[in-house]
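*Asks:* Chains A and B, in that order, give the protein sequences.
For the first sequence, the residue numbers in the working numbering are 1 to 370.
For the second sequence, the residue numbers in the working numbering are 1001 to 1175.
Provided herewith is a single structure, encoded as structure tokens, for subsequent inquiry.
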Amino acid sequence: FHLGVTPSIVRKRYNLTASDVASFENSSQAVSQFLEQYFHPADLAEFMKLFGGGFEHRSQVDRIVGTQGSGKAGLEASLDVEYIMSTGANISTWIFSTPGRHESQEPFLEWMLLLNNMSSIPLVQSISYGDYEDSLSVAYMERISTEFMKAGVRGVTILFSSGDDGAGCKHVSKDVNVFSPQFPASSPYVTTVGGTSFKNPFKITYEVTDYISGGGFSNVFPMPDYQVQAVKSYLSTTKKLPPQTYYNISGRAYPDVAALSDNYWIVVNRVPMPWVSGTSASTPVFAGILALINDRRFTKGLPSLGFLNPRLYKLQQQKNDALFDVTEGCHLACIDDQVQGQGFCAAPAWDPVTGWGTPNYPGLLEALGN
Amino acid sequence: GVFLELDQDVSIPKGWKHLERLSVNEDIMLTFVLKQQNLDILKEIFYDVSDPDSVNYGKYMSLEQIGVLIQPSAETQKVVQQWLQNHNIANCSSVITKDFVQCIMPVRVAEELLPGAEFHRYTNGHVSIIRSPSLYTVHSDLAKHLDFVSGPHRFPSEKMALKYYESKWKAANWQ
Chain A
1 FHLGVTPSIV RKRYNLTASD VASFENSSQA VSQFLEQYFH PADLAEFMKL
51 FGGGFEHRSQ VDRIVGTQGS GKAGLEASLD VEYIMSTGAN ISTWIFSTPG
101 RHESQEPFLE WMLLLNNMSS IPLVQSISYG DYEDSLSVAY MERISTEFMK
151 AGVRGVTILF SSGDDGAGCK HVSKDVNVFS PQFPASSPYV TTVGGTSFKN
201 PFKITYEVTD YISGGGFSNV FPMPDYQVQA VKSYLSTTKK LPPQTYYNIS
251 GRAYPDVAAL SDNYWIVVNR VPMPWVSGTS ASTPVFAGIL ALINDRRFTK
301 GLPSLGFLNP RLYKLQQQKN DALFDVTEGC HLACIDDQVQ GQGFCAAPAW
351 DPVTGWGTPN YPGLLEALGN
Chain B
1001 GVFLELDQDV SIPKGWKHLE RLSVNEDIML TFVLKQQNLD ILKEIFYDVS
1051 DPDSVNYGKY MSLEQIGVLI QPSAETQKVV QQWLQNHNIA NCSSVITKDF
1101 VQCIMPVRVA EELLPGAEFH RYTNGHVSII RSPSLYTVHS DLAKHLDFVS
1151 GPHRFPSEKM ALKYYESKWK AANWQ
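As structure tokens, this is what we get:
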């Protein structure tokens, strides 16, 4: 029985034991904050004091890159740091904080520039940020995606949250709606993390779809080769799909993986808060687990995981227990006569709601640790 | 002029309010995103080092090596530099990979550089930002050297705010 997700609940569900903490000195991970999202070191210290029992961990971040504003801490910033350091336990953690130094600066682009000006950066980056594709220019999205490629070539794993609006909805004209994908979640060069809930919210049970979990098909980026087989299989075996007029069947499909996104406890402005949810929660949890796998790889003299998707999709075509497959529930979409608020549904293997599923650390380590 | 981002949404998002048009002497920062080279090779390397079946799996490159591969051509760098110099813009910085140039300049100069842009200040009640409610253009000679210019458009996203209390509702509903 539990009253919400805490580090011990996440670690238990994903089979992280007390000894599953980092041991290699140079392991690193980072979260990024944009507009008005500040983090207070005292919140992290209190969070770890309250909830960090049972596993070795750090209670402070190693480096803050950029400018941390003053004022109240934000939910988002607190959650990101508190949970990446709970699964990626004992790992050096950085915060990139780019609120926009100048009024005319784009905070997200400022973060990209920081990455482009630092020879050494943490090798796992968790980012909870997104915009609807249709609000952005194609030139902007293509260039930002190229920047993700640059990070991948450097061996950096970039994880983006898939969004909190399910398939999204755009009203095109009278009685015509379409789903509305989010960017950078829809970039083919990042790993996108969706969200799940416990079947019974008060127990550590198996996971079902969190109906807010963002997912779908890009209208800008074509489907990359690494996922063609998986997506084709989903589309051909799923009985009830939304009408094809709602999405671009040949676009990059997301998310790639998922983790719990519902009912988290955090500490913000020194106050413990329950009921926090969103794929902003699942992303740092998954990121911390990958940083831990990197740590194990480094101790064996292996390079970092880098861009994960080609390996992830290949891995899932073989039998393994690296991820818990989520097969129940659907996410939300347009409220209209045709889809009636329902987007895609989870299914065995890959699906556009929870991807391949949630991490089972021992299995994932076995699959990716060599 | 040529529109570099003709499809960019320039509407003012909910929650943001117009404050004022900037005076011509106020300073703003623009980021010029220069066209890179060898992107096909970069993509090939990207998939090669990420493919567990490749002999090059995990053979990553340093930022400096990537810079050598993709940095804008000498012509692109020269044309952009010349363009900025012609407008007396000297307060600029670049990055290791040379594909971004950030400059601070008065609004008057920015609006000359980017015909069509008109810089205004907006607030969401907490912070103020500067954006243009109209699309910018660049001279056709420059268009082939730039991907886009950052500064005039895109309000900061606030869509990923956590959904507080939604879990509470779900838990109560489940019970």
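Note that CB positions come from ideal geometry on N, CA and C, so glycine has one too.
What you are looking at is a predicted structure, and each value in this text was computed from that prediction instead of being measured.
Along chain B, which residues have their Cβ under 8 Å away from the Cβ of Leu302/A?
*Replies:* Gly1058
*Asks:* Okay, do the stretch 290-307 of chain A and the stretch 358-369 of chain A touch, 3+ Cβ pairs below 8 Å being the bar?
*Replies:* yes
*Asks:* Got a sec: is the Cβ-Cβ distance from Ser1140/B to anything in chain A below 8 Å?
*Replies:* no
*Asks:* So what does His171/A bridge to, in DSSP terms?
*Replies:* In the DSSP assignment, the residues bridged to His171/A are Asn177/A.
*Asks:* Among the residues of its own chain, which have a CB less than 7 Å from the CB of Val1002/B, if the five just before and after it don't count?
*Replies:* The answer, listed in chain order, is Thr1137, Val1138, Ser1140, Ala1143.
*Asks:* Quick check on the DSSP output: the beta strand (DSSP E) that includes Pro272/A runs from which residue to which?
*Replies:* 271-276
*Asks:* Less than 8 Å between CB atoms is the rule here; does Ser1167/B satisfy it with respect to chain A?
*Replies:* Chain A contact via Cβ: present.
*Asks:* List the residues of chain B whose Cβ lies closer than 7 Å to the Cβ of Asp262/A, in chain order.
*Replies:* Ser1167, Lys1170
*Asks:* Would you list the residues sitting across from Phe1148/B in a DSSP beta bridge?
*Replies:* Val1033/B
*Asks:* Count the other CB atoms, across all protein chains shown, that sit within 10 Å of the CB of Gln1085/B; report buried if there are 16 or more and exposed otherwise.
*Replies:* exposed
*Asks:* Applying a beta-carbon distance threshold of less than 9 Å, which residues of chain A neighbour Thr1097/B?
*Replies:* Asn116, Asn117, Lys150
*Asks:* Could you give the distance in angstroms between the alpha-carbon of Ser261/A and the alpha-carbon of Gln1036/B?
*Replies:* For Ser261/A and Gln1036/B, the distance between alpha carbons rounds to 38 Å.
*Asks:* Between Pro181/A and the rest of its own chain, which residues show a CB-CB distance below 7 Å, the 5 nearest in sequence each way excluded?
*Replies:* Glu133, Gly168, Gly216, Phe217, Ser218, Asn219
*Asks:* Does DSSP put Tyr254/A in a helix, a strand or coil?
*Replies:* strand
*Asks:* Less than 8 Å separating the beta-carbons of Trp94/A and Asp62/A?
*Replies:* yes
*Asks:* Which residues in the same chain have their Cβ closer than 7 Å to the Cβ of Arg143/A, if we skip the five residues on either side of it in sequence?
*Replies:* none
*Asks:* Below 8 Å, can you find three or more Cβ-Cβ pairs linking the stretch 231-248 of chain A to the stretch 262-278 of chain A?
*Replies:* no
*Asks:* Who are the neighbours of Glu1195/B on chain A, taking C-beta pairs under 7 Å?
*Replies:* In the structure as shown, chain B begins at 1001 and stops at 1175. Residue 1195/B is therefore absent and cannot be evaluated.
*Asks:* What residues from chain B crowd round Leu113/A, counting only those whose CB sits closer than 8 Å?
*Replies:* Thr1031, Val1095, Phe1100, Gln1102
*Asks:* Mind checking if Ser8/A is an interface residue toward chain B, Cβ cutoff 8 Å exclusive?
*Replies:* no
*Asks:* So, are the CB atoms of Tyr226/A and Pro348/A less than 8 Å apart?
*Replies:* Cβ distance not < 8 Å, so Tyr226/A and Pro348/A don't count as in contact.
*Asks:* Between the Cα of Tyr14/A and those of Phe344/A, Asp351/A, Val285/A, Arg154/A, spot the shortest distance and give me the residue it belongs to.
*Replies:* Val285/A
*Asks:* Counting C-beta neighbours from all protein chains within 10 Å, is the total for Leu376/A 16 or more, i.e. buried, or is it exposed?
*Replies:* With chain A running from 1 to 370 in the structure shown, residue 376/A is simply not present.
*Asks:* Hey, Arg90/A and Glu56/A: beta-carbon distance below 8 Å or not?
*Replies:* Looking at the sequence provided, one finds Asn at residue 90/A rather than Arg. Cβ atoms of Asn90/A and Glu56/A: closer than 8 Å.
*Asks:* Tell me whether the stretch 97-105 of chain A and the stretch 1018-1032 of chain B touch, counting them as touching only if at least three CB pairs, one residue from each stretch, are closer than 8 Å.
*Replies:* They touch, by the three-pair rule.
*Asks:* Among Cys1103/B, Leu1019/B, Pro1013/B, Lys1014/B, which one has its Cα closest to the Cα of Ser1128/B?
*Replies:* Leu1019/B
*Asks:* Determine whether the beta carbon atoms of Pro1013/B and Phe34/A lie at a separation below 8 Å.
*Replies:* no
*Asks:* Can you confirm whether the stretch 1108-1126 of chain B touches the stretch 1043-1062 of chain B when touching is taken to mean that 3 or more C-beta pairs between the two stretches lie within less than 8 Å?
*Replies:* no
*Asks:* Whose C-beta lies closer than 7 Å to the C-beta of Val326/A among residues of the same chain, with five residues either side of it excluded?
*Replies:* Thr196, Glu207, Val208, Thr209, Ala258, Ala346, Thr354, Gly357, Thr358
*Asks:* Going by Cα to Cα distance, which pick from Asp43/A, Gly88/A, Val5/A is closest to Asp19/A?
*Replies:* The sequence shown places Ser at residue 19/A, not Asp. Here the closest residue by C-alpha is Gly88/A.
*Asks:* How many Å lie between Asn1038/B and Leu1069/B at the Cα?
*Replies:* 7 Å
*Asks:* How far does the alpha helix (DSSP H) with Lys232/A in it extend, from its first residue to its last?
*Replies:* 228-237
*Asks:* Rounded to whole angstroms, what's the CA-CA distance from Trp275/A to Val1024/B? Just pull it up for me.
*Replies:* 48 Å
*Asks:* Which residues in chain A sit within 9 Å of Val1049/B, going by Cβ to Cβ distance?
*Replies:* Gly152, Val153, Gly155, Pro303, Gly306, Phe307
*Asks:* Restricting to runs no shorter than 4 residues, where is the alpha helix (DSSP H) found entirely within the stretch 85-139 of chain A?
*Replies:* 107-115
*Asks:* Write down the C-beta distance between Pro184/A and Ala253/A rounded to the nearest angstrom, noting that I regard them as a contact closer than 8 Å.
*Replies:* So it is not a contact: roughly 15 Å between Cβ atoms.
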